[in-house]
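Q: Pasting a structure below so you can have a look.
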Amino acid sequence: MTTTRTEKALIRELGRVDYEPTFAAMRAFTDARTTDTRDELWIVEHPPVFTLGLAADRGHLLAGAENVPVVQTDRGGEVTFHGPGQVVIYLLMDLRRNKPGGKLYARQFVHKIEQAIINVLAAYNLAGERIDGAPGIYIAGGPSKGAKIAALGLKVRGNGCTYHGVSLNVAMDLAPFSWINPCGYSGLKTVDMRSMGVLAPLADVQRALAHELTVLLDVSEVNSAAGAPQAADA
Numbered sequence: 004m005t006t007t008r009t010e011k012a013l014i015r016e017l018g019r020v021d022y023e024p025t026f027a028a029m030r031a032f033t034d035a036r037t038t039d040t041r042d043e044l045w046i047v048e049h050p051p052v053f054t055l056g057l058a059a060d061r062g063h064l065l066a067g068a069e070n071v072p073v074v075q076t077d078r079g080g081e082v083t084f085h086g087p088g089q090v091v092i093y094l095l096m097d098l099r100r101n102k103p104g105g106k107l108y109a110r111q112f113v114h115k116i117e118q119a120i121i122n123v124l125a126a127y128n129l130a131g132e133r134i135d136g137a138p139g140i141y142i143a144g145g146p147s148k149g150a151k152i153a154a155l156g157l158k159v160r161g162n163g164c165t166y167h168g169v170s171l172n173v174a175m176d177l178a179p180f181s182w183i184n185p186c187g188y189s190g191l192k193t194v195d196m197r198s199m200g201v202l203a204p205l206a207d208v209q210r211a212l213a214h215e216l217t218v219l220l221d222v223s224e225v226n227s228a229a230g231a232p233q234a235a236d237a
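Numbering (the numbering used here), first residue to last: 4 to 237.
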């Protein structure tokens with residue numbers, strides 16, 4: 004029997020929070036949720052941290068990386084950097100309830116997340132594109148063509164419940180990206196909106212990306228809340 008959504012998704016604006024307790028909270032929420040637990044999107048900003056996906060090779064941590072904490076996670080993918088000036092949105096969702104008539108498959112989920120980023124960039128007159136086999140969004144043209152501006156990494160459990168999410172670089176210190184092989188690619192250039200000539204308040208980009216995600220993921224009517232989440236808060 005198809006599970007249907009009975010409540011609106013909840014957007015939580017958590018501000019700047021450390022990565023490790025947020026990771027623990029995502030796991031606890033997902034452990035405790037039931038088929039009646041509403042989906043949540045958590046908007047956060049992190050202090051500097053490198054996170055390692057399940058496929059990560061620590062050899063992709065280069066000289067300089069010792070200056071930043073490193074956290075092993077259970078998301079997909081390789082190594083990435085989170086820091087101030089970056090929009091991070093975690094998607095705590097049940098894919099069984101996010102497609103009319105049936106569940107949303109992981110590949111479709113990723114495609115919708117990527118499209119949300121492309122749409123937000125377009126609103127700021129930046130062209131983003133996908134690259135086959137390399138999740139995330141890349142600059143589509145000009146001198147920075149192929150540079151990465153957004154990353155995503157997800158955990159999809161066997162019951163269709165997801166956590167982790169997406170990050171979009173807005174106005175960061177980009178130096179730490181030179182201390183890793185981003186997403187496992189040696190020499191991959193990383194940019195942010197500011198380095199591409201766009202000066203936008205972080206809060207505006209946070210709200211824009213959250214809006215695009217809710218529209219594309221069919222949870223367009225949302226409630227908002229601030230403060231730390233409670234596990235399986237319904």
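For glycine and all other residues, C-beta sits at the position ideal for the given N, C-alpha and C.
None of these values were measured; they are calculated from a predicted model.
Thinking just about the alpha-carbon of each residue, which of Thr25, Arg30, Val74, Asp221 is nearest to the one in Gly56?
A: Comparing Cα-Cα distances from Gly56 to each of Thr25, Arg30, Val74, Asp221, the minimum goes to Val74.
Q: Ordered along the chain, which non-local residues of its own chain (more than five positions away) have a Cβ less than 7 Å from that of Ala213?
A: Closer than 7 Å at the Cβ level, and outside the excluded window around Ala213, lie Ile14, Leu44, Ile46, Ile92.
Q: Give me, in chain order, the residues of the same chain whose beta-carbon lies closer than 6 Å to that of Gly168; leave out the 5 immediate sequence neighbours on both sides.
A: Cβ within range, chain order: Ile92, Tyr93, Leu94.
Q: Taking the C-alpha atoms as reference points, what is the distance between Tyr141 and Val123?
A: Roughly 13 Å separates the two Cα atoms.
Q: Leaving out the 5 sequence neighbours to the left and right, which residues in its chain are closer than 8 Å to Ala66 when beta-carbon positions are compared?
A: Hits under 8 Å: Trp182.
Q: Is the distance from the Cβ of Thr193 to the Cβ of Pro185 below 8 Å?
A: Yes, the pair counts as a contact, with Cβ atoms nearer than the cut-off.
Q: Is the beta carbon of Met196 closer than 8 Å to that of Leu98?
A: Against a cut-off of 8 Å, the Cβ pair of Met196 and Leu98 comes out as no contact.
Q: Is it right to say Glu69 is buried, meaning 16 or more other beta carbons lie within 10 angstroms of its own, or is it exposed?
A: Exposed, since its Cβ has fewer than 16 Cβ neighbours within 10 Å.
Q: Can you give me the Cβ contacts of Thr6 inside the same chain, cut-off strictly under 6 Å, excluding the 5 residues immediately before and after it?
A: Only weak support exists for where Thr6 lies, its pLDDT of 43 falling under 50; the value from the coordinates is given anyway. For Thr6, where only same-chain residues beyond five positions count, the Cβ hits under 6 Å are Thr38, Arg99, Arg100.
Q: Can you check the region 149 to 198 for any beta strand (DSSP E) of at least 3 residues that lies completely inside it and give the ranges in chain order?
A: Complete beta strand (DSSP E) runs here, min 3: 151 to 159, 165 to 172.
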